[in-house]
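In my numbering, the protein residues as written are 1091 to 1344. All C-beta atoms in this analysis are idealised placements derived from N, C-alpha and C, irrespective of residue type, glycine included.
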Ligand SMILES: NC(=O)c1ccc[n+]([C@@H]2O[C@H](COP(=O)([O-])OP(=O)(O)OC[C@H]3O[C@@H](n4cnc5c(N)ncnc54)[C@H](OP(=O)(O)O)[C@@H]3O)[C@@H](O)[C@H]2O)c1
């Protein structure tokens, strides 16, 4: 995709991967607007990156989401790239009674959120000469992690939605990309993840991702995520079982 001169809205741009992408795009001459719930984080990021803008958003609140989309279109009509990055990841146990709060919050944030945001902006994006929607899924969309079954299912659903969206927008100016990260050092599952040596360092992930975004791939897959993306197919059950056994061993005793 075109890597400069865009106006980019990034949900969840106050931390982790969203912040990394926001800063990398800002440095490359794009106008960046970040959105998220924590005002203090948004303020820290905009203060560190003069010219970047922020807007408070709880993506699970459909009225607020519609208001934010309208405000951005009114105040920043140049907006031509949407990065659906907001997400939460909670441990669950689907072998027992599921906590309904975990189920609802995960589906509302990770599945309804990006779909509603895309729906709110797609007509605007179609009117731009060049536009893009980038959905952040996960390697776990392809090979689920059983201890985050609901999370993995929402990411698989967004992968499927992205395929449909790409097909439906194929004759428009809107390019549809999927960014599926591997395990990356952020605070997605808590502070410990930032230091976990098994996770990919955030800077390296952002650098490789920016290089891939500059190309013309539909799926942005850094090298580390390829095994998760490709290990399924006809051997899905075997592959998911083996990987989850390995993950249970890796995470046991923590
Ligand atoms: N790190 C990984 O290992 C990894 C791997 C694969 C995929 N991903 C995906 O990458 C994306 C970014 O995650 P991350 O790793 O960078 O973790 P992160 O730092 O926790 O980022 C998640 C962002 O989502 C925002 N968010 C959460 N709930 C929201 C809501 N209701 N409304 C608006 N914003 C909300 C958070 O901001 P507020 O809390 O301020 O709202 C936060 O900035 C997620 O979609 C995640 O699933 C991450």
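Measuring straight from C-alpha to C-alpha, what distance separates residue 1161 and residue 1320?
40 Å
Where does the unbroken alpha helix (DSSP H) through residue 1320 begin, and where does it stop?
1316-1320
Are three or more beta carbon pairs between the segment 1186-1195 and the segment 1245-1253 nearer than 8 Å?
No, the segment 1186-1195 does not touch the segment 1245-1253.
Could you work out which residue in 1236, 1239 and 1208 is closest to residue 1224 when comparing CA atoms only?
Residue 1224 has its Cα closest to that of 1208, out of 1236, 1239 and 1208.
Does the segment 1098-1107 touch the segment 1128-1146, meaning 3 or more C-beta pairs lie closer than 8 Å?
yes
My parser needs the alpha helix (DSSP H) runs of 4 or more residues fully inside the segment 1196-1257; what are they?
1203-1216
So does residue 1161 have its beta carbon nearer than 6 Å to some heavy atom of ligand 1?
In this structure, the C-beta of residue 1161 stays at least 6 Å away from each heavy atom of ligand 1.
Is it true that the segment 1113-1127 meets the segment 1224-1233, where meeting means three or more beta-carbon pairs spaced less than 8 Å apart?
no
Taking buried to mean at least 16 other C-beta atoms within 10 Å of its own C-beta, is residue 1290 buried or exposed?
buried
Just verifying my parser: in three-state terms, what is the DSSP assignment at residue 1144?
strand
Any idea if residue 1336 is buried or exposed, counting beta-carbon neighbours within 10 angstroms, 16 or more meaning buried?
exposed
How is the alpha helix (DSSP H) around residue 1115 delimited, first residue to last?
1106-1117 is the span of the alpha helix (DSSP H), which, as asked, contains residue 1115.
Exposed or buried, residue 1325, counting other C-beta atoms within 10 Å across all chains shown (16 or more means buried)?
exposed
Going by the C-beta, is residue 1146 closer than 6 Å to any heavy atom of ligand 1?
no
Let's test the definition: count the other Cβ atoms within 10 Å of the Cβ of residue 1146 and tell me whether it reaches 16, buried, or not, exposed.
Residue environment analysis places residue 1146 among the exposed positions, since fewer than 16 neighbouring C-beta atoms fall within 10 angstroms of its C-beta.
Considering only the alpha carbon of each residue, which of 1112, 1268 and 1237 lies closest to residue 1139?
Checking every option, the nearest Cα to that of residue 1139 belongs to 1112.
What's the C-alpha gap between residue 1196 and residue 1317?
Residue 1196 and residue 1317 have their alpha carbons spaced roughly 25 Å apart.
Comparing C-alpha positions only, which one of 1286, 1330, 1179 and 1270 sits nearest to residue 1279?
Residue 1279 has its Cα closest to that of 1179, out of 1286, 1330, 1179 and 1270.
With 16 other CB atoms within 10 Å as the buried threshold, where does residue 1327 fall?
exposed
Following a CB-centred definition, is residue 1228 positioned closer than 6 Å to any heavy atom of ligand 1?
yes
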